[in-house]
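A short write-up of the structure that comes next.
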Amino acid sequence: MNHFEYGPQGLACEGVPLAKIAAEVGTPVYVYSRATLERHFVVFRDALAMSGVVDPLIAYAVKANSNVAVLKVLGDLGAGADTVSEGEVRRALAAGIPGERIVFSGVGKARREIAFALQAGVAEINVESEPELNLIAEVAAELGVRAKVAFRVNPDVAAGGHAKIATGKSENKFGVSFAEAARLYANASNNANLQPVGVACHIGSQITDLAPMRAAFTKMRGLVEQLLAEGLSVERLDLGGGLGVPYFNHPEPPSPAEFAAMVGEVTQGLPVTLAFEPGRVIAANAGVLVSEVIHVHERPEGRKFLVIDAAMNDLVRPAMYDAFHDIRPVIQRTGETVYDVVGPVCETGDTFTRDRALPPFAAGDLVAFMSAGAYGAAMASEYNTRPLVPEVLVDGDRYAVIRQRPTYDEMLARDLVPDWV
Ligand code: LLP
């Protein structure tokens, strides 16, 4: 469920018409619903509780939507943060999420990022390889601390989704094998600068079938049992993120309740706490991208292009993953016309959709890309020197700009021309 519904003034986010935000902030603009963000987190948390999962660490995947205001909304509900860079750790800390609820993941953590995370006292650094483990031990020794590490295991399970976001096969760059995990875990337990606290996996994103997750989690349970049997201490099993969301073109993905029931079953009786790294399932349907139609361009052979003021630099998912986003008129209307919806960027790839039946539009009309709260603004760029798209958070009848659109002066001021040019 989300809080984007049609009212007397067209499509609204909670109590605020999107047309009002477009008029006051300008377009393109991302708009998020606080109530939806909160609801998604609470539904996920409560589903786990209902399935007998006691006191999990729900580390929201910051990469999905990393705005500090969004992180604060979730952090205030008890969410932790799954981070993949020093920048994301800084964002989580800035939102008031304490180090002990922050997980630091990612295949290529730099020395200074590891040092920063250790100083922030993160709950665990998810180790992706042996060289990385060695680097963490070295940095921890320099700082005179004991690094809490968890081993990210690649369970070699194929899990749906687009090839560019599947991570759980051994041919992907992520994680160590089960055999390596067991060996590295034992080694790390004997290192004064390392404290192995658990194991982790994450097999992909937008997963719409529980079977591969069940298979991976069952293998992870086996690994935890093996490590415990070897007399090693295991406190936490991190099951990653990846649960899919409805984008309204495919069958519904499993609900958080179904996911949690499966997790409860697979991990029953395991004497460790669980961690999760949900991103999309919290943020995707809590946000939309609002854009204005610049013009309708009909080519002589009949193809109709809806040229809008949002482009691939604002929402890259269709160009990058052929992703489907439902496109709704902000003001409801009847009738149907088939359009290619395109942005102003000088690339054919700047196409949001082809041959989509939509209501008829004219210049100046507003459209909303639904399910754009995750991997939308977070992946935006200034390609074509288009100002980075702003973000707005709605709370009931009020709203606030939570990231400003930069001015051209601010953008140009970042470029430095040396005096020898
Ligand atoms: N944990 C780890 C280690 C991850 O790599 C990811 C996502 C997550 C958690 C969160 O996954 P989620 O619950 O959001 O599925 N840009 C792509 C998605 C990339 C996902 C990368 N990793 C997209 O727009 O579809």
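Each residue of the sequence shown is one higher than the one before, counting from 1 in full-length UniProt numbering. Even for Gly, the Cβ is constructed at its ideal location relative to N, Cα and C. Since the structure is predicted, the reported quantities are computational estimates derived from the model, not experimental observations.
When the beta-carbon positions are compared, Thr351 and Asp340 come within less than 8 Å of each other. Between Glu277 and Asp82 a beta carbon distance of about 4 Å is seen, short of the 8 Å cut, so the two are scored as contacting. Using a cutoff of 7 Å, the CB of His202 counts as near the ligand LLP, since one of the ligand's heavy atoms is closer than that. Remark: fewer than three beta-carbon pairs, one from each stretch, lie closer than 8 Å, so the segment 268-282 and the segment 10-22 are not flagged as touching.
Secondary structure at Phe324: coil, using DSSP grouped into helix, strand and coil.
Under the three-state reduction of DSSP, Asn193 is assigned to coil, being neither helix nor strand. In the DSSP annotation of this structure, Lys72 is not part of any beta strand (DSSP E); the continuous alpha helix (DSSP H) holding it starts and ends at Val68 to Asp76.
Of the candidates Val307, Phe41 and Ala377, the residue whose Cα lies closest to the Cα of Leu74 is Phe41.
No Cβ-Cβ contact shorter than 8 Å links Leu223 with Val139. Taking Val401 as the centre and dropping the five residues before and after it, the same chain places the C-beta of Val25, Pro390 and Val392 closer than 7 Å to its C-beta, in chain order. Of the other Cβ atoms in all chains shown, fewer than 16 fall within 10 Å of the Cβ of Gly396; this residue is therefore exposed.
Bridge pairing for Val342: Val307 and Thr351 [DSSP].
Using a 10 angstroms sphere on the CB of Ala363, the tally of other CB atoms stays under 16, which defines it as exposed.
With a cut-off of 7 Å, the C-beta of Arg236 is classified as distant from the ligand LLP, since no heavy atom of the ligand falls inside that distance. Taking C-beta separations shorter than 7 Å and ignoring five residues to either side along the sequence, the partners of Leu118 in its chain run Val139, Ala140, Leu143, Val145 and Ala147, following chain order. DSSP places Ala275 within a strand segment (E or B) once states are collapsed to three. The Cβ atoms of Leu239 and Ser189 lie no closer than 8 Å to each other. The alpha carbon of Ile327 has as its nearest neighbour, out of Arg112, Glu124, Asn249 and Gly106, the alpha carbon of Asn249. About 6 Å separates the Cβ atoms of Ala380 and Leu388, confirming a contact at the 8 Å cut-off. DSSP places Glu258 inside the alpha helix (DSSP H), whose first and last residues are Pro256 to Thr267. Judged by DSSP secondary structure, Val149 falls within the beta strand (DSSP E) whose first and last residues are Ala147 to Arg152. Excluding five sequence positions before and after Ala260, the CB atoms of its chain that fall closer than 6 Å to its own CB belong to Ala47, Leu48 and Ser51, given in chain order. Residue environment for Asp314: buried (at least 16 other C-beta atoms within 10 angstroms of its C-beta).
Short note on Pro278: C-beta closer than 7 Å to some heavy atom of the ligand LLP.
Within the DSSP secondary-structure output, Glu298 pairs in a beta bridge with Lys304. Under the 10 Å beta carbon count, His295 is surrounded by fewer than 16 other beta carbons and is classified as exposed. DSSP places Asp46 inside the alpha helix (DSSP H), whose first and last residues are Arg34 to Met50. Per DSSP, Pro387 has no beta bridge partner at all. Within 7 Å of the C-beta of Gln206 there is at least one heavy atom belonging to the ligand LLP. Apart from the 5 residues on each side of it in sequence, Pro246 sits with its Cβ closer than 6 Å to the Cβ of Glu252 in its chain, given in chain order. Note that the C-beta distance between Val330 and Leu11 is below 8 Å. In this structure Ala92 is in contact with Val62, their Cβ atoms being roughly 6 Å apart against a cut-off of 8 Å. In this structure, Leu228 is the residue among Leu228, Gln206, Leu57 and Leu210 with its C-alpha nearest to the C-alpha of Ala186. Straight-line measurement puts the Cα of Arg333 at about 9 Å from the Cα of Phe361. Judged by DSSP secondary structure, Thr83 falls within the beta strand (DSSP E) whose first and last residues are Gly80 to Thr83. DSSP places Phe217 within a helical segment (H, G or I) once states are collapsed to three.
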